[in-house]
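Take a look at the structure set out below.
In the working numbering, the protein residues as written are 773 to 1122.
This is the structure we're talking about:
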């Protein structure tokens, strides 16, 4: 079983961000008139260490795993759907496949813990175990399994960067994974289950109330431990694909590549990554605000302001992929607009 070794993380370049802000002030428009598009361009200047950053080449990695907590009846779908959806990814029929093709983004699917034999599929086979434990009654993973899942994500980020990616997106597929995500949110931020737990795949009111009790029970089981390490929280209350996503974020930041965070599960993984190493935080960008309960709390805890709010709650990395054209346009505007001097246009002080 592979183990995870953390890599050092350097911050984005402040000098390049300052230079980009100065360029924004010279472009032929009122200061601030392009709103958050201006901030996006300046953030990417810091990421790329250049005053005029170029549109990024995105890579999307979808991590798939099953969850023992589905035995508690917390999802509207059976666990078998995880494996079936992985096959749909391979066939190109899932939403993230459509978006990746449209954006010419690299797409990789990684089996980190699906409770099925997928060995015949052309995906990355990195199964740590066949599904996590039932976190209501026992640890989701052993420390060694959690470290192995982190290493799976780390390796995936390295593959993407070596293939030329300059922007990373982590997606996920795992029936039941909003339950461990909510548990992590509660454990890492102090949020209550009533705030953190949502409907996931669309459960009814009685199942929602039950799901909240499951998370509360998991927190009570784990709460006997005093001052747990972030890695302990992740192992006890997380999931294999969530840990892999955290490893993906940690390694992406260490590689100096920005990370476009998707919805609730992806944000829970980002919370875990930041808890493990706070230096990840400046490399994170929030793509959208999910309709899943708790996502706003998770974003607030990370200090992230999402680019859009479209009512999405699909996962797979879809919300992040939808934002790729917006990022591309922000950087193109920053690079190609004329300055006041170049256009012969009088500035405010003329």
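Backbone N, C-alpha and C define an ideal beta-carbon position, used for all residues, glycine too.
Inset, instruction - For the segment 952-1029, list the alpha helix (DSSP H) runs that are entirely contained and at least 4 residues long, ordered along the chain. - result: 965-968, 977-994, 1002-1009, 1012-1026
Legend entry - Neighbour-count burial assignment, residue 1055, 16 or more Cβ in a 10 Å radius: By one-based count along the chain shown, residue 1055 stands at place 283. The residue in question, residue 1055, is buried, as its Cβ has 16 or more Cβ neighbours within 10 Å.
Legend entry - residue 1039 classed as buried or exposed, judged by whether at least 16 other C-beta atoms fall within 10 angstroms: Residue numbering aside, residue 1039 sits at position 267 when the chain shown is read from its first letter. By the 10 Å Cβ count, residue 1039 comes out buried.
Inset, instruction - Take residue 953 as the anchor and find which of 830, 1041, 1046 has the nearest alpha-carbon. - result: Numbered from 1 along the chain shown, position 181 holds the residue referred to as residue 953. Among 830, 1041, 1046, the Cα nearest to that of residue 953 is on 1041.
Inset, instruction - Measure from the alpha carbon of residue 1003 to the alpha carbon of each residue in 1048, 1099, 986, then state which is nearest. - result: Taking the chain shown and counting its residues from 1, one reaches residue 1003 at position 231. Selected option, being the one with the closest Cα: 1048.
Legend entry - Reduced DSSP secondary structure (H/G/I, E/B, other) of residue 890: On the chain shown, residue 890 is found 118 positions in, with the first residue counted as 1. Of the three classes helix, strand and coil, the one that applies to residue 890 here is coil, per DSSP.
Legend entry - residue 883 - containing beta strand (DSSP E), residue span: Within the chain shown, numbered from 1, the residue matching residue 883 stands at position 111. Start and end: 878-885.
Inset, instruction - Could you tell me whether any Cβ in chain C is nearer than 8 Å to the Cβ of residue 919? - result: Note that chain C does not occur in the displayed structure, where there is just one protein chain.
Inset, instruction - Decide if residue 818 is buried, meaning its Cβ has at least 16 other Cβ atoms within 10 Å, or exposed. - result: Within the chain shown, residue 818 is the residue found at index 46, counting from 1. Under this definition residue 818 is a buried residue.
Legend entry - Distance, residue 955 Cα to residue 1061 Cα: Here residue 1061 corresponds to residue number 289 of the chain shown, with the count starting at 1. Here residue 955 corresponds to residue number 183 of the chain shown, with the count starting at 1. Looking at the two C-alpha atoms, the distance is approximately 19 Å.
Legend entry - Contiguous alpha helix (DSSP H) assignments of at least 4 residues, all confined to the segment 900-946: 915-934
Legend entry - residue 778 classed as buried or exposed, judged by whether at least 16 other C-beta atoms fall within 10 angstroms: Taking the first residue of the chain shown as 1, we reach residue 778 at position 6. With fewer than 16 other Cβ atoms within 10 Å, it is exposed.
Inset, instruction - Measure the alpha-carbon distance for residue 925 versus residue 1023 and round it to whole angstroms. - result: Mapped onto the chain shown, residue 925 falls at position 153. Mapped onto the chain shown, residue 1023 falls at position 251. Computed Cα separation, rounded: 8 Å.
Inset, instruction - Would you kindly report the start and end of the unbroken beta strand (DSSP E) that includes residue 1209? - result: Nothing in the structure corresponds to residue 1209, since the chain is present only between 773 and 1122.
Inset, instruction - Check residue 854 in the structure and name its three-state DSSP category. - result: Position 82 of the chain shown holds residue 854. Looking at residue 854 - three-state DSSP - the assignment turns out to be helix.
Legend entry - First and last residue of the uninterrupted beta strand (DSSP E) at residue 832: Here residue 832 refers to the residue found at position 60 of the chain shown. Residues 830-837.
Inset, instruction - Starting from residue 1079, follow the beta strand (DSSP E) in both directions and report where the run begins and ends. - result: Translated into positions along the chain shown, residue 1079 becomes position 307. Note, residue 1079: premise wrong, no beta strand (DSSP E); not H, not E.
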